[in-house]
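Report on the structure given below.
Number of protein chains: 2
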Amino acid sequence: MAYSAVRSEAGRAGAVLADSNDPLAPYRELFVITDPELVYFDGNSLGRLPKKTMNHLQNVIQQEWGTQLIRGWGTGWYDAPHRVGDKIGSLIGAAAGQVLACDSTSVNLYKAVMAALHARPGKHTVVSDAMNFPSDLYILQAAITHYGNTHTLRLVQSHDAELTVTPDAIAAAITTDTALVCLSHVTFKSGFIYDMQEITRRAHEVGALVVWDLSHSAGAVPMQLDGWNVDFAVGCCYKFLNGGPGAPAFIYVNKNIQAHVTSPIWGWFGQKSPFAFDIDYTPADGIDRFLAGTPPMLALSAVEASLDMLVPVGMHAIREKSIALTEYLIALYDSHLAELGFSLGSPRDAAKRGSHVSIRHPLGYQINQALIAEQKVIPDFREPDNLRLGLSPLTTSFVEVWDGVDRIRATVVAGTHHKYPAARKAVT
Amino acid sequence: MAYSAVRSEAGRAGAVLADSNDPLAPYRELFVITDPELVYFDGNSLGRLPKKTMNHLQNVIQQEWGTQLIRGWGTGWYDAPHRVGDKIGSLIGAAAGQVLACDSTSVNLYKAVMAALHARPGKHTVVSDAMNFPSDLYILQAAITHYGNTHTLRLVQSHDAELTVTPDAIAAAITTDTALVCLSHVTFKSGFIYDMQEITRRAHEVGALVVWDLSHSAGAVPMQLDGWNVDFAVGCCYKFLNGGPGAPAFIYVNKNIQAHVTSPIWGWFGQKSPFAFDIDYTPADGIDRFLAGTPPMLALSAVEASLDMLVPVGMHAIREKSIALTEYLIALYDSHLAELGFSLGSPRDAAKRGSHVSIRHPLGYQINQALIAEQKVIPDFREPDNLRLGLSPLTTSFVEVWDGVDRIRATVVAGTHHKYPAARKAVT
Chain A
1 MAYSAVRSEA GRAGAVLADS NDPLAPYREL FVITDPELVY FDGNSLGRLP
51 KKTMNHLQNV IQQEWGTQLI RGWGTGWYDA PHRVGDKIGS LIGAAAGQVL
101 ACDSTSVNLY KAVMAALHAR PGKHTVVSDA MNFPSDLYIL QAAITHYGNT
151 HTLRLVQSHD AELTVTPDAI AAAITTDTAL VCLSHVTFKS GFIYDMQEIT
201 RRAHEVGALV VWDLSHSAGA VPMQLDGWNV DFAVGCCYKF LNGGPGAPAF
251 IYVNKNIQAH VTSPIWGWFG QKSPFAFDID YTPADGIDRF LAGTPPMLAL
301 SAVEASLDML VPVGMHAIRE KSIALTEYLI ALYDSHLAEL GFSLGSPRDA
351 AKRGSHVSIR HPLGYQINQA LIAEQKVIPD FREPDNLRLG LSPLTTSFVE
401 VWDGVDRIRA TVVAGTHHKY PAARKAVT
Chain B
1 MAYSAVRSEA GRAGAVLADS NDPLAPYREL FVITDPELVY FDGNSLGRLP
51 KKTMNHLQNV IQQEWGTQLI RGWGTGWYDA PHRVGDKIGS LIGAAAGQVL
101 ACDSTSVNLY KAVMAALHAR PGKHTVVSDA MNFPSDLYIL QAAITHYGNT
151 HTLRLVQSHD AELTVTPDAI AAAITTDTAL VCLSHVTFKS GFIYDMQEIT
201 RRAHEVGALV VWDLSHSAGA VPMQLDGWNV DFAVGCCYKF LNGGPGAPAF
251 IYVNKNIQAH VTSPIWGWFG QKSPFAFDID YTPADGIDRF LAGTPPMLAL
301 SAVEASLDML VPVGMHAIRE KSIALTEYLI ALYDSHLAEL GFSLGSPRDA
351 AKRGSHVSIR HPLGYQINQA LIAEQKVIPD FREPDNLRLG LSPLTTSFVE
401 VWDGVDRIRA TVVAGTHHKY PAARKAVT
C-alpha cells in the first residue's frame, strides 16, 4: 500500500515524507491554492477550485455562448446533462444512460422519492434514520404530506457514539408495508458508511424501493450502483466532485425501473419530443424523463471540467488515499487531542468510514470559531458538538492534517476558544 | 418619442439613421458581438453575452470560490437568491422580499402551481390557454395528476390569427370552482400580451389564485406585480435578462400570501433555520420558504452581472425601444414579405405585443434553415409555420432588423429554401 509509511509518531517530518511518497500528491497542484498555510478541512462541504475550471468556463462562455449563441444547443449543450451524468456514473458504478447532472440535490431527491412512493401505492411506511441529513428528512416529510399523510416515516436510531447503524437495524425496521428506504450512503456527521448492497438487498426482499443520497460519498467512496441493483440515487457535485458552490446535482435511476417510474415535475426537457411542442406530456424514454427545465450550462461546464480531471484517477486510488488520510487523522487525534476533552464521533473501522472524521468537544462551537479566526484552519461545525474534518483525497495533504491537528491542540491548550460566543451563528 | 424617425420606406439608410438616434444604441457595445454581420433574432430565446459577465464570474470563481472557499457563504453567497431576486423584482414591479432567483422555470412553476392548488382545496378547475408554452401545460398536468386527478384543466382557445385572447374569454372560463388561472404574460409564439391586471382581478373576484409565467416579458414588457396584486409569478433569466444558457430562473410570491402558502419541495434552504439541522421541517418566514437546495452561485453570478447593467436602464426606455423595433419589423414585413406568402402571426396593436414577432409561412421550417445556413440570420422556428423573430431592446439594432428582413426576402425570392428538408429537427 502506497501509504504504509504514514506514522503519527514520526511528527511533522513523517507527514512531509508521506506527502513525498503520495502518488496522488501531484493532483494538489492542479487546484488553486492561494494560501499554502491554510488548512482546509472543508473539501467535503465545498471542494477546492480546479485550475482548469476557469479556462473551461471561459471557453464555454466566450466561444459557445458569446459566439455560437442559441446554436450551442445543437453542438454540445443539449447532451450535457447525460454527458456529465455518465462521467459521474463512472465514479459510482453506473453504466451510461442512468445518471443525469441537473437541478439541486433537494429537487432530485424530491423527484426520486415521489417517483418511488408513486411506484409502491399499496405500501405505507418510509424508513430512514435519525442521523440523515435533515434536508433529506424534510423532502421525505414533504412527499408524505403530498400523498395525504398516509405514510409513516420510521427513523432508525444509532446505538453507539460513532453513530453507526447495522444492516440488521435497518432490516428490522423494514416490513412488507415499506414503500421506500431512503438513506445517506455516508452520513453527514459521523461519516459512517452504510452497507448499501446489503440494505438494498433486504429492502428488495420485501418489495421496497431504495433511494440513496451519495452527497458525502460520490468521488470519495467506491460503490456499485448497478452491481448492487440500487433503484435511485442522488448526490451533490460541490463536495468531492469539486464542481463549485451550489453546482448542479445528479440523479441515478436504474435502467431496470426507468420505464416504470416517472418524475413528479413534468418539464419540457423530460418530454419525449421537447421541440414538437405537443400540448400533452409524454415522458421521454429512459433517464431523460427525470429532466425538467433547461440545463444550466455554465454551472454544468464547471462540473465537467472537474470530472475530466477526477475520473481518470480512479476510485480505487482515491479511496486508498482517503483511508490513509482519515487513519492518520485518527492516530493524531489519539496522540494529540483525546486527552483534551475530545471524543471521536466517527467509526474507527476504516471500512465503515467515509472521507471525513468528526471529533466532538463540549466547546466545539467555540473551538471552531477560534480555528477559523486565528489559526487558518477551516473545519465545519455540526450541532451539537462536532468539529467535522473533511479530507479530500485529491487536495488534502498529510502535512495539512498534521498542521490542522497541531493547531487544534494549540488552540485548546492555550484556551483561546473561551473568548468566542457559545451561541450558534446563522451560517457556519 | 425617440424613435419617431424610424420609417420603413427610408430603406437601409433609414435604419442607420434610426440607430444613430437611438438613446439605447450604446448598450449594444456592452455585449460581446463577434460577428457584426450576424442578424440575431433569438435574444428572446438566449440573450447575448454581456461583456462584463466574464470578469464578474472570474472574480466569483477565483476570488470567492478559489480563495474564500466555504467562507463565501458568509460573505455574499447566502443572500444571493434574494439579492438577485430583488433586482429582478425592480424590473417586474415587485418590492423587495418577494422574488427569489433559483432553480429552473419548470421547477419554480411546479412550486407555484402546487402551492396554489394546495391553498384552494375546495376548487377543482385550472384555467390556462392552448397557446401557452407546452412545458407550462405539462407542469399543470403533473400537478393535477398529483392531486389525484380531481382537477379539470380548461384550455381557452384563441379566436384570431394573431393568437390573442380577450380578458372576457378568460373570464368566461373562470367560475367559483376555479382554483387557479395560469398563463404566460407574453405568449411564446405570437408574442401576445395578456391583460394581467384585468385577468388577475377577475380571477380574484371568484376566489381563484393566479400564476403568471413572465419568461417572455421580464426585461421586455413593464408590469406591476404588486400593484396588480398578482399572487405568483415565475420566469426565466436567459432570455431578455441575458443571464446565460440555462440560467437560474425566478419565482415571485406576493407578500400578502407568503404566510399562507408553502412550496411542495421542502429543502434545507427553505427551512426556518437551515443550520440548526432540526429534524422536522418548519418553513422559513417570507419568500425564503420557496427555496429548496443550495443556491447555484456561479450561475447566479452571471445573472447578477447582467442585471446590474440592465436594471438602471429602466423598463420605460426598454419598452419604448422594443415597440419601435417591432413596429419597424412589421412595417418591413408589410412592404417586403407579405406579398411572398407570409402572414403575420403577432398582434398589430403594439399595446398587445411583446418583444418578438412571428411571421408565418407554409415553408417556414425550410426558410428557417436556409437563413441560418446561408444568410447569417438566426430566427427561431416554432411549429407549425412560425419564424419567430425576437428583438432584444438592448442588443438588436434597427440595421439588424432591416438586414434580417432583406435577407429573408432574398432567400424566399431566390427559392434557396426549397433544398432544405421539410422534416422537423430534434432541436431548433
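Chains as they are written, first to last, in my numbering: chain A, 1 to 428; chain B, 1 to 428. For every residue, glycine included, the Cβ atom is placed at its ideal position computed from N, Cα and C.
Expected contact under 8 Å - CB spacing of residue i and residue j to nearest Å
i                         : j                        : result
valine 6 of chain B       : alanine 317 of chain B   : Contact flag wrong, Cβ pair sits at about 16 Å.
proline 50 of chain A     : alanine 305 of chain A   : 6 Å
asparagine 108 of chain A : alanine 249 of chain A   : 5 Å
glycine 191 of chain A    : glycine 11 of chain A    : So it is not a contact: roughly 26 Å between Cβ atoms.
asparagine 44 of chain A  : histidine 185 of chain A : At roughly 13 Å, the Cβ-Cβ gap does not stay under 8 Å, so asparagine 44 of chain A and histidine 185 of chain A are not in contact.
tryptophan 65 of chain B  : proline 245 of chain A   : 6 Å
leucine 241 of chain B    : glycine 47 of chain B    : 7 Å
heavy atom of the ligand PLP below 7 Å from residue i C-beta
i                       : result
arginine 409 of chain B : The ligand PLP is not among the ligands present in this structure, which contains no ligands whatsoever.
Beta-carbon neighbours of residue i, restricted to chain B and to distances below 8 Å
i                         : result
glutamine 62 of chain A   : Val32, Leu49, Met54
isoleucine 265 of chain A : Ser106, Val107, Tyr110, Ile139, Ala142
glycine 244 of chain A    : Ile61, Trp65, Met297, Leu298
arginine 382 of chain A   : Phe277
alanine 292 of chain A    : Ser104, Ser106, Val107, Tyr110
isoleucine 378 of chain A : Leu69, Ile70, Arg71
With 16 other Cβ atoms within 10 Å as the buried cut-off, status of residue i
i                        : result
alanine 426 of chain B   : Annotation note: pLDDT 47 at alanine 426 of chain B (below 50); position unreliable, coordinate value reported separately. With fewer than 16 other Cβ atoms within 10 Å, it is exposed.
threonine 428 of chain B : Residue placement at threonine 428 of chain B is flagged as unreliable, the pLDDT there being 36, under the threshold of 50; the coordinate-derived value follows with that caveat. Classification for threonine 428 of chain B: buried.
valine 405 of chain A    : buried
valine 165 of chain A    : buried
glutamine 157 of chain B : exposed
glutamine 63 of chain A  : exposed
alanine 423 of chain A   : exposed
glutamate 9 of chain B   : exposed
arginine 348 of chain B  : exposed
Run of the beta strand (DSSP E) containing residue i, from where it starts to where it stops
i                        : result
leucine 209 of chain B   : 209 to 213
glycine 235 of chain B   : 232 to 235
threonine 178 of chain A : 178 to 184
glycine 390 of chain B   : 386 to 390
arginine 7 of chain A    : No beta strand (DSSP E) holds arginine 7 of chain A; DSSP gives it neither H nor E.
aspartate 430 of chain B : In the structure displayed, chain B extends from 1 to 428; residue 430 of chain B sits before or after that span and is not available.
tyrosine 27 of chain A   : Note, tyrosine 27 of chain A: premise wrong, no beta strand (DSSP E); alpha helix (DSSP H) at 25 to 28.
Listed by chain order, chain B residues near residue i by CB distance under 7 Å
i                        : result
aspartate 213 of chain A : The contacting residues do not exist; aspartate 213 of chain A stays about 12 Å from chain B at best.
tyrosine 27 of chain A   : What tyrosine 27 of chain A touches in chain B: nothing, since even the nearest Cβ is about 16 Å away.
alanine 302 of chain A   : Leu298
aspartate 432 of chain A : No answer is possible for residue 432 of chain A: the residues shown for chain A start at 1 and end at 428.
Within chain B, partners of residue i - CB distance below 9 Å
i                         : result
tryptophan 228 of chain A : Those do not exist, as tryptophan 228 of chain A stays about 26 Å from chain B at its closest Cβ, beyond 9 Å.
Where residue i meets chain A, residues with beta-carbon distance less than 8 Å
i                         : result
glutamine 271 of chain B  : Pro134, Ser135, Tyr138
leucine 57 of chain B     : Leu57, Ile61, Leu298
tryptophan 402 of chain B : Under the 8 Å cutoff, chain A gives no residues; its nearest Cβ is about 20 Å from tryptophan 402 of chain B.
proline 248 of chain B    : Pro296
Span of the alpha helix (DSSP H), counted from its first residue to its last, around residue i
i                            : result
leucine 155 of chain B       : No alpha helix (DSSP H) contains leucine 155 of chain B, which is instead part of the beta strand (DSSP E) from 152 to 156.
histidine 124 of chain A     : No alpha helix (DSSP H) holds histidine 124 of chain A; DSSP gives it neither H nor E.
phenylalanine 398 of chain A : 398 to 414
valine 107 of chain B        : 105 to 119
arginine 83 of chain A       : 80 to 92
serine 301 of chain B        : 297 to 310
Residue i: contacting residues in chain A (beta-carbon distance under 7 Å)
i                        : result
serine 45 of chain B     : Ile70
histidine 146 of chain B : His146, Pro264
Contacts of residue i in chain D (Cβ-Cβ under 9 Å)
i                      : result
alanine 130 of chain B : Protein chains A and B are contained in the structure displayed, whereas chain D is not.
For the 8 Å Cβ check, are there 3 or more pairs between the region 286 to 296 of chain A and the region 93 to 101 of chain A? yes
Meets three-Cβ-pair contact criterion under 8 Å: the region 155 to 162 of chain A and the region 128 to 138 of chain B: no
Meets three-Cβ-pair contact criterion under 8 Å: the region 359 to 374 of chain B and the region 399 to 418 of chain B: yes
Three Cβ pairs or more, each shorter than 8 Å: is that satisfied between the region 260 to 275 of chain B and the region 139 to 159 of chain A? yes
Could you say if the region 197 to 213 of chain A and the region 115 to 132 of chain A meet the contact criterion of at least three C-beta pairs nearer than 8 Å? yes
Could you say if the region 389 to 400 of chain B and the region 350 to 359 of chain B meet the contact criterion of at least three C-beta pairs nearer than 8 Å? yes
Touch check for the region 74 to 92 of chain B and the region 329 to 349 of chain B: three-plus C-beta pairs under 8 Å? no
Counting pairs of Cβ atoms below 8 Å between the region 229 to 244 of chain A and the region 281 to 288 of chain A, do you hit three or more? no
Looking at C-beta atoms only, is the number of pairs between the region 394 to 409 of chain A and the region 12 to 19 of chain A that lie closer than 8 Å three or more? yes
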